[in-house]
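Below: one structure, written as structure tokens.
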Amino acid sequence: MKRTALFPGSFDPFTKGHEDIVLRGLKLFDEVVIGIGRNARKERYFPLEQMIRLIEEAFRQYPAVRVISYDDLTANVARNEGARFLLRGLRNTTDFEYENGISQVNRYVYQEVETVFLITSPLLAPISSSIIRDLHRYGQRVDEFLPYKLAE
Ligand code: ADP
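If you count by the UniProt record's numbering, then the sequence shown holds residues 1 to 152, one letter each, in order.
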């Protein structure tokens, strides 16, 4: 049976830290589905369609990577995608506290799902989407943190 993992997140934007989790995930799973959660009440900084396109471009060489967006419970999306694994990155104890809670809830919704946590690579640990948004908002170049080129 194919081992599929869903890597859920906001990815606003998708960073080199996220890319690292996907590439390491590919060593564990046959397929990694990057799932961008859509939240009607939360406006994105980087438009969804643009981010899907940029992520697809970044993984063009990797047929085992797919990108989807969803507006549903993550655990239900995993079930519908045939993914028995959720992939998440852990940067620090703050991430841990949060992840601990959601991973319990995900198993409540879909009992067979297991969350697999990968500890961040040290050089990439300081990268966060919110910091990149702030840098970009005030005109700072952010290309070196992203696995694709943003349009000028
Ligand atoms: P969410 O809104 O669900 O937290 P994010 O897009 O911020 O979504 O993050 C998605 C996942 O990627 C989370 O598991 C997060 O811990 C992980 N992540 C974020 N930044 C990094 C990084 N620099 N290195 C590794 N994992 C990261």
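All C-beta atoms in this analysis are idealised placements derived from N, C-alpha and C, irrespective of residue type, glycine included.
Of the listed residues the options, nearest to residue i (C-alpha basis)
i    : options             : result
P13  : I131, Y138 and G139 : I131
N76  : V113, F117 and P147 : V113
L123 : F145, N80 and R133  : F145
S69  : T120, Y148 and F11  : F11
Residue i burial status per 10 Å Cβ neighbour count (16 or more: buried)
i    : result
P63  : exposed
P8   : buried
E31  : buried
L150 : exposed
Y110 : buried
P47  : exposed
Bridge-paired residues (DSSP) for residue i
i   : result
G35 : P8 and I68
Evaluate contact between the stretch 77-96 and the stretch 45-58, counting only Cβ atoms and requiring at least three cross-stretch pairs below 8 angstroms. no
At a cut of 8 angstroms, does the stretch 29-44 reach the stretch 139-149 through at least three beta carbon pairs? no
Okay, do the stretch 14-28 and the stretch 95-103 touch, 3+ Cβ pairs below 8 angstroms being the bar? no
My parser needs the beta strand (DSSP E) runs of 3 or more residues fully inside the stretch 56-118; what are they? 65-70 and 85-90
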